[in-house]
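Protein chains: 2
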Amino acid sequence: MASQLSSETSTTVRKTLEFVQHHRLAKGDRLPSERELSERFGVARSSVREALAVLDAMRITERKPKSGIFLRNAVEDGGLDTLVLQADLGLAFDPQVTRDVTEARIICEEQALRLACQRRTEADLTKLRRLLDAYAAIIDADGNPSDADVEFHLALVAASQNRILVRTLTPLMLMSTTWRRRYFDSAAIRRRSLDDHRAFVDAVEARDEAAAAALVKRHVQTAAADVRALAEQGSATATNTT
Amino acid sequence: MASQLSSETSTTVRKTLEFVQHHRLAKGDRLPSERELSERFGVARSSVREALAVLDAMRITERKPKSGIFLRNAVEDGGLDTLVLQADLGLAFDPQVTRDVTEARIICEEQALRLACQRRTEADLTKLRRLLDAYAAIIDADGNPSDADVEFHLALVAASQNRILVRTLTPLMLMSTTWRRRYFDSAAIRRRSLDDHRAFVDAVEARDEAAAAALVKRHVQTAAADVRALAEQGSATATNTT
DNA sequence: CCTACCAATCTGGTCTGACCAGATCAAGGC
DNA sequence: GCCTTGATCTGGTCAGACCAGATTGGTAGG
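Written out as structure tokens, the structure is:
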């Protein structure tokens, strides 16, 4: 969640998170008052309050009436939405986080694919083929397929007929793909990714659970390793991707 | 996420969701203007705007400047946070949703427990034993252990050393437990739940993956079945739990 | 010197009203 | 009938105000 908020609210959320990180605030610490934040950020208190409502809803902060604003979870310890928000904002990540995301994605996607093999409908297959074509069209036009990649993976999971799994994997996918946007710069990788996707659909169509499970494991792990290599390479010159 | 928002914001969020449901609004539909909502709900526009900021962040609505407020996802199609929010607000649920949540929980918790068997530390075991005692104390005092239940399950998952899995399961746990609050009214169920929890810790300590996996599957499925029975029983008199 | 109490101050919660600029739409001119 | 145009509506943002409870610092009493 938490993309494309109104500009002012979005920037205020960002500034607040940066404030927390910069001042090394931890769980339970108190933030400056709304009035001070509004002055510090150069926006009206109402704008600060909108940002705080978002942070509150994300369980990052807690506003105690007549008392103050307290950190509920450190930014590093927030919910998945917080992480997606951080990825959107281009903030840096603990390498451990990317490893955990990869592991979680493999767990959920593998089981989802197994279910998909059992339950996929003809409509699912049709949709997947269509997304496959769209994906191919994008890379033929030399575009960045990161959004199409998310859409495809989620459609694959949706074939499990479990909408909760889709919603669970959505933030994980969004995070990975934010990181992978640069990664898709390589034409070879785009092509390999498309081949993998085709193999997914074939396995699901053939109801071959074992093949699907093995494929997704390799696909995600390979991609994650490539991203990690790219990140380490990049971190020689820059600490984060802002 | 999205519990314990400030009272006004929370109720306004609720009213807005109810408005959407009541008027059968679908994706892309337009909501009344902020000014009209504020009048309709009897609160100031600033309060409406705070609620809309939350709904925006949850990707439920989209505010197009100078144009209007549009539904991005139908309430039924929102993210996990939306569902947790709905559960918090006591709104009704599609039975399919509870089934999907159960399935997703089993998938994630089973794999998390397997990892926990491999990676659990002494500190994890100490914490789990402590939570077990706290749980026992609560049911001895005839209290409702739903919060302790969430805490225990999440600690169990945390022993997998994968923080993303914890965050992924958090909303699923929160949802289940909101539903299960009534369910814990039965002393027999509270006792059985405690026994299950003890067995979890024993299996993780013994690093017995197969036992842990089987246990969690049975535990979650049994609980879900009981809740479903309770819900069907309750729905004879009331459609939802408001 | 320490404690207990009280008032000034600070804080979040909420409301009112205002201005801006772009989107929308209906009325009027061609 | 089509296009222009201006009134109107919308979200975005701001300033300032009041409330009531939490906090706190200083003072009076022990």
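In order, the protein sequence lines correspond to chains Y and Z.
Taking our numbering, the leading residue of the first sequence gets 3, the next gets one more, and so forth.
Taking our numbering, the leading residue of the second sequence gets 3, the next gets one more, and so forth.
The C-beta atom is built at its ideal place from N, Cα and C for all residues, glycine as well.
All values reported here derive from a predicted model rather than from experimental measurement.
What does the alpha-carbon distance come out to for the pair residue 12(Z) and residue 57(Y)? Put simply, the backbone Cα of residue 12(Z) is about 14 Å away from that of residue 57(Y).
How long is the line joining the alpha carbons of residue 141(Y) and residue 199(Y), rounded to whole angstroms? Rounded to the nearest angstrom, the two C-alpha atoms are 13 Å apart.
Check whether the region 63 to 82 of chain Y and the region 32 to 42 of chain Z touch, using three or more Cβ-Cβ pairs below 8 Å as the test. No, they do not touch.
Out of 47(Z), 68(Z), 74(Z), 67(Z), state which residue places its alpha-carbon closest to the alpha-carbon of residue 19(Z). Per the Cα distances, 74(Z).
Is residue 164(Y) close to chain Z? Criterion is C-beta to C-beta, closer than 9 Å. Judged by the 9 Å Cβ criterion, residue 164(Y) is in contact with chain Z.
Between the C-alpha atoms of residue 63(Y) and residue 60(Z), what's the straight-line distance to the nearest angstrom? In this structure, the CA atom of residue 63(Y) is about 16 Å from the CA atom of residue 60(Z).
Under 8 Å, CB to CB, which of the residues in the region 147 to 177 of chain Z have a partner in chain Y? Contacts with chain Y (Cβ-Cβ distance below 8 Å) from the region 147 to 177 of chain Z involve 164, 165, 166, 167, 169, 170, 172, 173, 174, listed in chain order.
Span of the alpha helix (DSSP H) around residue 71(Z): Unbroken run through residue 71(Z) is the beta strand (DSSP E), 70 to 73; no alpha helix (DSSP H).
Could you pull the start and end residues of the alpha helix (DSSP H) that residue 104(Z) belongs to? Per DSSP, the continuous alpha helix (DSSP H) segment holding residue 104(Z) begins and ends at 97 to 121.
Express the C-alpha separation of residue 210(Z) and residue 201(Z) in angstroms, rounding to a whole number. Their Cα atoms are separated by approximately 11 Å.
Anything in the region 67 to 85 of chain Y with a Cβ closer than 7 Å to a Cβ of chain Z? List those residues in chain order, please. Look at the region 67 to 85 of chain Y: the residues with a C-beta under 7 Å from a C-beta of chain Z are 81, 82, 83.
Out of 188(Z), 231(Z), 65(Z), 17(Z), point me to the one whose CA is closest to residue 44(Z)'s CA. Looking only at 188(Z), 231(Z), 65(Z), 17(Z), the smallest Cα-Cα distance to residue 44(Z) is reached by 17(Z).
Check whether the region 168 to 180 of chain Y and the region 165 to 181 of chain Z are in contact - that is, three or more C-beta pairs closer than 8 Å. Note that the region 168 to 180 of chain Y touches the region 165 to 181 of chain Z; at least 3 beta-carbon pairs, one per stretch, sit closer than 8 Å.
Which residue comes first and which comes last in the beta strand (DSSP E) that contains residue 66(Y)? For residue 66(Y), the uninterrupted beta strand (DSSP E) segment begins and ends at 63 to 66.
Along chain Z, in chain order, which residues have C-beta atoms closer than 7 Å to that of residue 56(Y)? Chain Z residues near residue 56(Y): 55, 56, 59.
Could you check if residue 106(Y) is buried or exposed, using at least 16 other CB atoms within 10 Å of its CB as the buried criterion? Looking at its Cβ environment, which holds 16 or more other Cβ atoms inside 10 Å, residue 106(Y) is buried.
According to DSSP, is residue 182(Z) helix, strand or coil? In the structure shown, residue 182(Z) adopts helical secondary structure according to DSSP, grouped into three states.
Is residue 118(Y) near residue 162(Y), with beta carbons less than 9 Å apart? In contact: residue 118(Y) and residue 162(Y) (Cβ atoms closer than 9 Å).
May I ask you to list, following chain order, the residues of the region 209 to 226 of chain Y that have a beta carbon less than 9 Å from some beta carbon of chain Z? For the region 209 to 226 of chain Y, which is checked against every Cβ of chain Z, not one residue is closer than 9 Å.
Are the region 138 to 155 of chain Y and the region 46 to 54 of chain Z touching, with three or more C-beta to C-beta distances below 8 Å? They do not touch, by the three-pair rule.
Taking Cβ positions only, does residue 11(Y) come closer than 9 Å to chain Z? Yes, because at least one Cβ of chain Z sits closer than 9 Å to the Cβ of residue 11(Y).
Chain Y contacts made by the region 37 to 48 of chain Z, where a contact means CB separation under 7 Å: The residues in question are 48.
If you run the structure through DSSP and keep just helix, strand and coil, what is residue 32(Z)? Of the three classes helix, strand and coil, the one that applies to residue 32(Z) here is strand, per DSSP.
Reducing DSSP to helix, strand and coil, say where residue 148(Z) ends up. In the three-state scheme derived from DSSP, where H, G and I count as helix and E and B as strand, residue 148(Z) is classed as helix.
Give the DSSP-derived three-state secondary structure of residue 76(Y) in the structure shown. Of the three classes helix, strand and coil, the one that applies to residue 76(Y) here is coil, per DSSP.
Along the region 121 to 144 of chain Y, where does the CB come closer than 8 Å to a CB of chain Z? Name the residues. Look at the region 121 to 144 of chain Y: it has no residue with a C-beta under 8 Å from a C-beta of chain Z.
Is residue 114(Z) close to chain Y, meaning its C-beta is less than 9 Å from at least one C-beta of that chain? Yes, residue 114(Z) lies at the interface with chain Y (some Cβ there is under 9 Å from its Cβ).
Identify the contact partners of residue 2(Y) in chain Z, using a Cβ-Cβ distance below 8 Å as the criterion. In the structure as shown, chain Y begins at 3 and stops at 244. Residue 2(Y) is therefore absent and cannot be evaluated.
Grouping DSSP H, G and I as helix and E and B as strand, with all else coil, what is residue 203(Z)? Note: residue 203(Z) maps to helix in three-state DSSP.
Please list the terminal residues of the continuous alpha helix (DSSP H) segment that includes residue 210(Z). For residue 210(Z), there is no enclosing alpha helix (DSSP H), as DSSP marks it with neither H nor E.
Using a threshold of 9 Å, state whether the C-beta atoms of residue 50(Z) and residue 14(Z) are closer than that. A distance below 9 Å separates the beta carbons of residue 50(Z) and residue 14(Z).
Quick one: list the residues of chain Y neighbouring residue 99(Z), beta-carbon separation under 9 Å, in chain order. Ordered by position in chain Y, the residues that pass the 9 Å Cβ test against residue 99(Z) are 165, 166.
Which residues in chain Y have a C-beta closer than 7 Å to the C-beta of residue 111(Z)? List them in chain order. By Cβ distance, chain Y contributes nothing, its closest Cβ being about 10 Å from residue 111(Z), past 7 Å.
Just to confirm, are residue 197(Z) and residue 160(Z) a CB contact at a threshold of 9 Å? Contact flag unset, no.
So is residue 97(Z) buried or exposed if we call it buried at 16+ other beta carbons inside 10 Å? By the neighbour-count definition (other C-beta atoms within 10 Å, threshold 16), residue 97(Z) is an exposed residue.
Following the continuous alpha helix (DSSP H) through residue 59(Z), name the residue where it begins and the one where it ends. Where residue 59(Z) is concerned, the enclosing alpha helix (DSSP H) stretches over 47 to 59.
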